[in-house]
Amino acid sequence: MSGREADGNWLAAPRGTEDIPRGTLVEDPESGRVGVLQDVTAYVPPWQGDQRPRPTAFVRPVGGGREWTVPPERLRPVPGGTSVP
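Mapping of the sequence shown onto the UniProt record's numbering: residues 1 to 85, in sequence order.
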C-alpha cells in the first residue's frame, strides 16, 4: 500500500502496514475502534490544505457506515479476523 505525493513522489507504506491487505479486519488500539481497512494513501484533509500529504489509513465499520481516518502505523490486524472481499 502506498500513495503518490502531490509532487509525484511515492510515499512508502508505513512500517508494519505493508502486509495488511485491503479488506482486513483491523483495530486501532489507541481508540479501541475496529473496522475493515479500505486503503492507505497519501492524503491531506480539506481543512489542512496547506500541508504535505501524509500516509493515512481509511477504515470502515464492519457492516458499513462512515469511514474514519487513522495513522496507519497504529493499525493492527484483528487476531482471527477475516478479510472481507
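For every residue, glycine included, the Cβ atom is placed at its ideal position computed from N, Cα and C. Values in this document were obtained by computation on a predicted structure and should not be read as measured data.
*Based on Cα-Cα distance, which residue from Gln-48, Gly-23 and Thr-56 lies nearest to Glu-73?*
Thr-56
*With distances taken Cα to Cα, identify the nearest neighbour of Thr-69 among Val-59, Gln-48, Ser-31 and Gly-63.*
The shortest Cα separation from Thr-69 among Val-59, Gln-48, Ser-31 and Gly-63 belongs to Val-59.
*Could you tell me the distance, in whole angstroms, from the CA atom of Thr-24 to the CA atom of Pro-79?*
Computed Cα separation, rounded: 11 angstroms.
*Taking the alpha carbon of Val-40 as the point to measure from, which residue in Gly-63, Gln-48 and Asp-19 has its own alpha carbon closest?*
Asp-19
*asked:* Which complete beta strand (DSSP E) runs does the UniProt region "Disordered" (61-85) hold, if anything under 3 residues is left out?
replied: Given a length threshold of 3 residues, each whole run of the beta strand (DSSP E) inside the UniProt region "Disordered" (61-85) is given here in chain order: 68-70.
*When you compare only the Cα positions, how much space is there between Arg-54 and Tyr-43?*
5 angstroms
*Thinking Arg-76 and Pro-45 are a contact (beta carbons under 8 angstroms), I'd like their distance in whole angstroms, please.*
With 8 angstroms as the limit, Arg-76 and Pro-45 do not qualify as a contact, their Cβ atoms being about 23 angstroms apart.
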